[in-house]
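Take a look at the structure below.
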Amino acid sequence: MINKDIVIIGGGPAGLAAAIGAYEAGNKDIIILERDNLLGGILNQCIHNGFGLHTFKEELTGPEYSERYVRKIKDLKIETSLETMVIDISKDLVVSAINEDKGLIQYQAKAVILTMGCRERPRGALSIPGYRPSGIFSAGTAQRFVNIEGYMPGKSVVILGSGDIGLIMARRMTLEGANVKMVVEIMPYSGGLKRNIVQCLDDFSIPLKLSHTVTKIHGSTRVTGVTIAKVDDLRNPINGTEEYGECDTLLLSVGLIPENELSRKVGVIINPKTQGPVVSESLETSIKGIFAAGNVLHVHDLVDHVSSEAYLAGKNAVKYINGLLDEIKMIDIQASDGVRYTVPSSLNTNNVEDLTQVRFRSSDVYKDAYVSVYLDEERILHSKKRILTPGEMETVTILKKWLIERPNLKTITVKIEKE
Amino acid sequence: MKRIIYLLFAVALFSCNSPLDKSIFEPLSVEDKSKLIDSNHEYGKIICRCEMVTLAEIKDAIHRPVGATTIDGVKRRTRAGAGRCQGGFCSPKVLEILAKELHKDPREIAKFDQQAILLVGFDKESL
Amino acid sequence: MPTKELTCINCPMGCLLSVEFDETGIKKVTGNQCKRGELYAAKEVITPKRIVTSIVPVLNGVEDMVSVKTAIDIPKELVKQCVTELKNVKVEAPVEIGQVILENVCGTNVCVIATKSVERKK
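The structure is reproduced here in structure tokens:
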């Protein structure tokens, strides 16, 4: 058994930022456990740019953003263990991991930070009829083949899902020589950033078929084509609108799911809206001493937010170890009227920073609407937003002084109002 | 004749209960997992994280009699690729292991049938 | 006066810009929330440019591929040509982040540089 104050599970952008946050809060007894043979997580295969605008005021590619953090980890001499897979966490914070050379190792932690990231939703979850031919890949797997291994997974491609990964892969596949025929999106709007629609689809004249879905995959050994159809308001295919699209590859960009198997196993309460842990303002989960940040908590759009969130988790893990975290849940944060969820779900006035970022997503597209924040019955924020869409995470800032001025405050409500 | 068959059956049954070598890693206790890794370090490398399938098990699935030669072949013998991410994470790794163990080019590795190839070429080859 | 509507791609805000222009140039830009948006709008209407990101094979490295990018943005119409020029480029490990992989791509005087480091195989 190895004693370590802080054990961080996952060495991607969240884990790296959490380690730095903990270190800068005064605790150097940290270890990052990473299953891959390098740090950086998913950033290693995100070779496109768009990262770091908030953090570094520069636009970097994924590997460049990662390198900044990895360099800092090395400079601070924070301990890491690569090719180390965590297989269990216990309620009393014993983390069990395996590594080829070290065998099975167990760490007795004082605080654990969950930064395992997320996985992609597979074809099986969509129940698309057809055989099981080769040529169906989730976009991230295709990205790994193209960007890390150097191989093309197909020549003629249809992409299902217009989230950022699907859009980015539309461009990647095109630039590496494939013919991307279309991007198919079941919703009437795209889930990805607008800049990606421009740079990945418009630039290459790749059609975006909104309110459409794939209803059948053709081909018994390798994909030979797909049938797509328009969908109605309930997202059901409309008979008679079917079209056939010849292709040898179907890429699926149909959702990211926080990777919380370890969290569930140890009994952390999961928010069904995010599929991530329910956390307080300190990013502490329902189990004392276990914190969560990054995509494992809720899937982010910007790595900059992952980094700032995880840094805070690291800082609070140290606060917890030092006995300075007040564990009572004082104020509930409610997501209401058009707000799908908020992270965090509760606040404690004694723990909050001067400014607390409450992140949320809308449950639908709203134009010229208002994001409102109520402190019990009192409306404190009412900001007009030209557009709100589920594909873009939003933030409201809660001032500590508002909470101090209202010692009997029970509920903060975040909602979307028409006026 | 029947006796021989029963004898063979008993032998088969007992060899299924044989200890740690060529075990399935995931359901073992912490102590047994530890022992297994100490006996063969390739049990310490997890390839399929959803089903916790190790490199040792995948290599065994390839090299055993009537071994796997395809991605689905590995899946059916080890459950690698059958879990919640359905091979999203591990299929590139399983493909690489198959290519290496069978001395094949990665572009030759198939899903289940020799025509069900995964990789069609190198990046930029079609440019 | 003709007006073009476009989405700014400078940052994930994706402001919807409205650009009025005539044969002498840009007359007015609205919809931007920062100065970069105004500059982008002018550029995009007259001479659209893009940063190109790609990968090239590494020889004798601990990894097979290294990710690269154009050091600054290049004319949009040269993107395909830029990638084609990278087709036969291979780089010997070790590769240092920021190292020049290809000079003067498509005659633009812009270099393609590595965006990560790859150590040499032992």
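Protein sequence lines, in the order shown, are assigned to chains A, B and C. The working numbering puts the first sequence at residues 63 to 481. The working numbering puts the second sequence at residues 998 to 1124. The working numbering puts the third sequence at residues 183 to 304. Just so it is clear, CB atoms sit at the ideal spot from N, CA and C, and this is done for glycine as well. These figures come from a predicted structure and were not determined experimentally.
Give, in chain order, every unbroken run of the beta strand (DSSP E) that is at least 3 residues long and sits entirely within the region 360–414 of chain A. 393–397 and 401–405
Which whole runs of the beta strand (DSSP E) in the region 73–151 of chain A are 3 residues long or more, in chain order? 92–95, 111–113, 141–143 and 146–151
Environment of A372 (chain A) [buried if 16+ CB atoms lie within 10 Å]: buried
Quick check on K269 (chain C) - is its C-beta less than 8 angstroms from some C-beta in chain E? No chain E appears in the structure shown, which is made up of the protein chains A, B and C.
Along chain A, in chain order, which residues have C-beta atoms closer than 8 angstroms to that of G219 (chain C)? Those do not exist, as G219 (chain C) stays about 11 angstroms from chain A at its closest Cβ, beyond 8 angstroms.
Any idea what DSSP makes of N333 (chain A), helix, strand or coil? strand
Considering Cα atoms alone, identify which of A:I279, A:Y306, A:Y251 and A:R421 is closest to S273 (chain A). Of all alpha-carbon atoms in A:I279, A:Y306, A:Y251 and A:R421, the one lying nearest the alpha-carbon of S273 (chain A) is that of A:Y251.
Using a cut-off of 8 angstroms between C-beta atoms, extract the partners of A1107 (chain B) located in chain A. S196
Go ahead and label L1116 (chain B) buried or exposed: buried means 16 or more other beta carbons lie within 10 angstroms of its beta carbon, across all protein chains shown. buried
Reduced DSSP category for P257 (chain C) - H, G, I as helix; E, B as strand; rest coil: strand
Using only alpha-carbon positions, find the residue among A:T236, A:N241 and A:P195 that is nearest to V261 (chain C). A:T236
Taking a cut of 9 angstroms between CB atoms, which residues from the region 233–256 of chain C lie near chain B? Listed by position along the chain: S236, I237, V238, P239 and M247.
At least one CB of chain C closer than 8 angstroms to the CB of S1015 (chain B): is that the case? With a pLDDT of 46 at S1015 (chain B), under the threshold of 50, the predicted position of this residue should be treated as unreliable, and no value is reported.
Just the Cα atoms here: how many angstroms apart are R302 (chain C) and V234 (chain C)? 26 angstroms
Taking a contact to mean a Cβ-Cβ separation below 8 angstroms, would you say V427 (chain A) touches P406 (chain A) in this structure? no
Counting only runs of 3+ residues fully inside the region 159–212 of chain A, write out the beta strand (DSSP E) ranges in chain order. Those beta strand (DSSP E) runs which fall completely within the region 159–212 of chain A and span 3+ residues are 165–176, 180–182 and 198–200.
Would you check if the distance between the CB atom of P184 (chain A) and the CB atom of S200 (chain A) is smaller than 8 angstroms? Yes. Within cutoff.
Counting only Cβ pairs nearer than 9 angstroms, list the residues of chain B close to V265 (chain C). K1121 and L1124
Here's the rule I'm using: 16 or more other beta-carbon atoms within 10 Å means buried, otherwise exposed. How should C216 (chain C) be labelled? exposed
Whose C-beta lies closer than 7 angstroms to the C-beta of K134 (chain A) among residues of the same chain, with five residues either side of it excluded? I82
Near K1072 (chain B), what residues of its chain come up, given a Cβ to Cβ distance below 6 angstroms and the 5 sequence neighbours on each side ignored? G1078 and A1079
Separation of T275 (chain A) from K292 (chain A), as counted between CA atoms: 7 angstroms
Going by beta-carbon coordinates alone, are T473 (chain A) and Y403 (chain A) separated by less than 8 angstroms? Contact flag unset, no.
If you measure from the beta carbon of I283 (chain C) to each beta carbon in chain A, is any gap under 8 angstroms? no
Return no unless some Cβ of chain C is closer than 8 angstroms to the Cβ of V526 (chain A). Given that chain A is displayed from residue 63 to residue 481, the structure contains no residue 526 (chain A) and the question cannot be resolved.
With 8 angstroms as the threshold, decide whether the Cβ of K153 (chain A) is near any Cβ in chain B. no
Candidates A:M147, A:D98 and A:E479: which alpha carbon is nearest K447 (chain A)'s? A:E479
Please report whether the beta-carbon of T473 (chain A) lies at a distance below 8 angstroms from any beta-carbon of chain B. no
Give me the residue from C:E202, C:T252 and C:A223 with the minimum Cα distance to Q281 (chain C). C:T252
I'd like the ranges of any alpha helix (DSSP H) spanning at least 4 consecutive residues and lying wholly in the region 1019–1046 of chain B. 1027–1036
Which residue's Cα is closest to the Cα of E343 (chain A): A:V246, A:L115, A:S408 and A:L100? Nearest option by C-alpha distance: A:S408.
Between the C-alpha atoms of T311 (chain A) and E321 (chain A), what's the straight-line distance to the nearest angstrom? 26 angstroms
Can you list, in chain order, the residues of its chain whose CB lies under 7 angstroms from that of P230 (chain C), leaving out five sequence neighbours each side? Answer for P230 (chain C): K258, listed in chain order.
Got a sec? Which residues, its chain only, sit under 7 angstroms from V1151 (chain B) by beta carbon, not counting five neighbours each side? Since the first and last residues shown for chain B are 998 and 1124, residue 1151 (chain B) lies out of range.
Beta-carbon separation of T277 (chain A) and I259 (chain A) under 8 angstroms? The answer is no: Cβ separation not under 8 angstroms.
How close, in whole Å, do the beta carbons of N209 (chain A) and M247 (chain C) come, if the pair is a contact with beta carbons under 8 angstroms? 7 angstroms
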